[in-house]
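Numbers in this note's numbering are just positions in the sequence shown, counted from 1, shifted up by 1.
Below: the structure, in structure tokens.
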Amino acid sequence: MRTGADRSEIEAVKQAIRDVGLEPYPVIGEERTVIAVVGSDDERARPVVAGLPGVEQVMAVSKAYKLTSREHHPDRTVVRVGNVSIGAGSPLVVMAGPCAVEGREQILATARWVKREGATILRGGAYKPRTSPYAFQGLGEEGLKLLAEAREETGLPVVSEITDPAHVGMFERYVDMLQIGARNMSNFVLLRACGQSQKPVLLKRGLSSSIEELLMAAEYILSAGNPNVVLVERGIRTFETATRNTLDLNAVPVLKDRTHLPIVVDPSHGTGHRPLVRPMAAAGVAAGADGLIIEVHPEPPRAWSDSEQSLSFPEFGDLMDDLRRFEYLRNPMVAANRPTTAPPQELERLRARIDDVDARMAALLEERAELSVAVQQTRRSDDHGHDVSRERALLERAARTEGGILTAEEREMVFSAMLRALRSAQRREAAATAAATGAPAAAGTSA
Ligand code: PEP
Ligand code: MN
């Protein structure tokens, strides 16, 4: 109420609140009175109350998206898609695959490749909401069948976009997760229909939707009974024309603050340009995303949709290498996923990746040497002899790793050579320190 509002004005407001079946709780202060209404987000009282004499402001204290909000659900939600967990500190999830399923060979080859590179969910559109009615609309149910076949072969759970509430039953037969596309974020009939499904939902932010509107869309699904919703930041329309959309990475920490639901970043639609996908994927994870969704195609220039933003197999491999290098993907590939034969790439790209790996190994070796020298410098000058047991343990660990291309002996050769080099560096550093301080040099330990 305004400062100085009189008793009759306060009474009139209380009565207006009671008239819509709610209970007013006046808080009377020295200067002004605040009237709280607890336990409902009923909108009816608002316009009536706002127009009464003596009223200064009508304000919502709690969030309109109750189930989606962290206010009432402080623990983060983990969404399970098949055997994969997303959110609440689960390992980063990479969903990858073509924009649209185009045929058996295309989807199977892509599924095998992205799995080999470490993706854990396969994406592919069977019903495509295209801007033009003349553009390829997707293979329909046939596309869903091919996705199910790819799951059979690779074991990857699949996600595909649903565009029609009447399709929920059919989708449930073929896919593990229902995707609601940006163009359908405000299709409330579709949101409700997916809310009644047992399948988890991947909800994309609308092209021109605010974060609040995205959360309200999620609220439709949760309030219909489905708690398993994953939100996607996929870029919004701005005045910028250099990119297809503007990937709003602000949304990631904002959403983390407001909701307990997991958040996935889509740098493919978010940028619309192949070279931008890799850096923005890393940026999305750095901002706190629980997962990424990436478009990958065996031959991007020939893709029937979103050709400009789809990554080739080697480009997707490079992106996954980045995620490993930044330690965003902590789980090393399981042996079964590793390629057993040289992947069919052109020589130049293979060599580029070799150079990349070599450069990283050189940098890691340098880091390892710095650590060894630092460990040695913590030793007292009369403490001779290095820690043989740690070195032996390291060699044993290296030899025990199974299922790779290198044999135990070959790996031991590499690590023994490394230990010899590190001991040599330690000795030299110790001698230099001793020469500088006049103290006797300590023999170091590399481990
Ligand atoms: C898609 O994932 O291929 C797609 C159509 O995405 P969006 O709904 O974000 O445009
Ligand atoms: Mn697409």
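Where a beta carbon is used, it is the ideal one built from N, C-alpha and C, also for glycine.
Here the structure is a predicted model, which means the values were calculated and not measured.
| Query | Result |
| --- | --- |
| According to the neighbour-count rule (16 or more other Cβ atoms, all chains shown, within 10 Å of its Cβ), is E461 buried or exposed? | This structure leaves residue 461 out entirely; the chain is present only between 2 and 448. |
| Where does T272 sit, in a helix, a strand or coil, going by DSSP? | helix |
| My output table needs one value for I18: the three-state DSSP class, helix, strand or coil. | helix |
| Applying the criterion that 16 or more other CB atoms from any shown protein chain within 10 Å of the CB defines a buried residue, is F198 buried or exposed? | The question names Phe, but residue 198 is Ser in the sequence shown. By the neighbour-count rule (16 or more Cβ atoms within 10 Å), S198 is buried. |
| Can the beta-carbon of G119 be found closer than 7 Å to that of M414? | no |
| R81 bridges to which residues according to DSSP? | S86 |
| From the DSSP secondary-structure annotation, give me the bridge partner or partners of G98. | E296 |
| If you follow the alpha helix (DSSP H) that P75 is part of, which residue opens it and which one closes it? | From DSSP, P75 is part of no alpha helix (DSSP H); its letter is neither H nor E. |
| Counting only the same chain and skipping the five closest in sequence on each side, list residues whose C-beta sits under 8 Å from that of R113. | E154 and T155 |
| Taking 7 Å as the threshold (C-beta atoms), are W305 and F450 in contact? | Since the first residue shown for the chain is 2 and the last is 448, residue 450 is missing from the structure and cannot be characterised. |
| Tell me the rounded alpha-carbon separation between A65 and G88. | 23 Å |
| Taking the runs of the beta strand (DSSP E) that are 3 residues or longer, which of them lie wholly in the region 87-170? | 94-98, 122-124 and 159-162 |
| I need the DSSP call for A288, collapsed to helix, strand or coil. | coil |
| When you compare only the Cα positions, how much space is there between N251 and G292? | 16 Å |
| Count the other CB atoms, across all protein chains shown, that sit within 10 Å of the CB of Q427; report buried if there are 16 or more and exposed otherwise. | buried |
| Report, in whole angstroms, the separation of the C-beta atoms of A101 and G126, which I expect to be a contact under 8 Å. | 5 Å |
| Where does T408 fall in DSSP's three states? | coil |
| Since L216 contacts R259 with CB under 8 Å, what's their CB separation in whole angstroms? | 6 Å |
| With DSSP as the reference, label K205 as helix, strand or coil. | strand |
| CB of C195 to nearest heavy atom of the ligand MN: below 6 Å? | no |
| Would R275 and R235 be called neighbours here (beta carbons separated by less than 7 Å)? | no |
| If you follow the beta strand (DSSP E) that Q58 is in, where does it begin and where does it stop? | No beta strand (DSSP E) holds Q58; DSSP gives it neither H nor E. |
| Quick one: measure Cβ to Cβ for P201 and R8, integer angstroms, because I've assumed they're closer than 8 Å. | The Cβ separation is near 54 Å, so there is no contact. |
| Bridge partners of M178, per DSSP? | V160 |
| Quick check on E234: does DSSP put it in helix, strand or coil? | strand |
| In the DSSP assignment, the beta strand (DSSP E) including A304 goes from what residue to what residue? | Here A304 belongs to no beta strand (DSSP E), and DSSP marks it neither H nor E. |
| Output the distance between the C-alpha atoms of S70 and H261, rounded to the nearest integer angstrom. | 7 Å |
| Can you tell which of L277, A149, Y175 and V233 has the C-alpha that lies nearest to the C-alpha of M186? | V233 |
| What are the boundary residues of the beta strand (DSSP E) that includes A37? | T34 to V38 |
| How should H73 be labelled, buried or exposed, when 16 other C-beta atoms within 10 angstroms of its C-beta is the threshold for buried? | exposed |
| Under DSSP, the alpha helix (DSSP H) around Y450 begins and ends at which residues? | What is shown of the chain runs 2 to 448, which leaves residue 450 out entirely. |
| Does DSSP put P263 in a helix, in a strand, or in coil? | coil |
| Residues in its own chain within less than 6 Å of V231 by CB, not counting five upstream and five downstream? | V80, I87, L203, P263 and V265 |
| On the DSSP letters alone, give me the boundaries of the alpha helix (DSSP H) that P48 sits inside. | A46 to A51 |
| When burial is assigned at 16 or more other CB atoms within 10 Å of the CB, is P54 buried or exposed? | exposed |
| Among G30, I108 and P27, whose alpha-carbon lies nearest the alpha-carbon of V297? | I108 |
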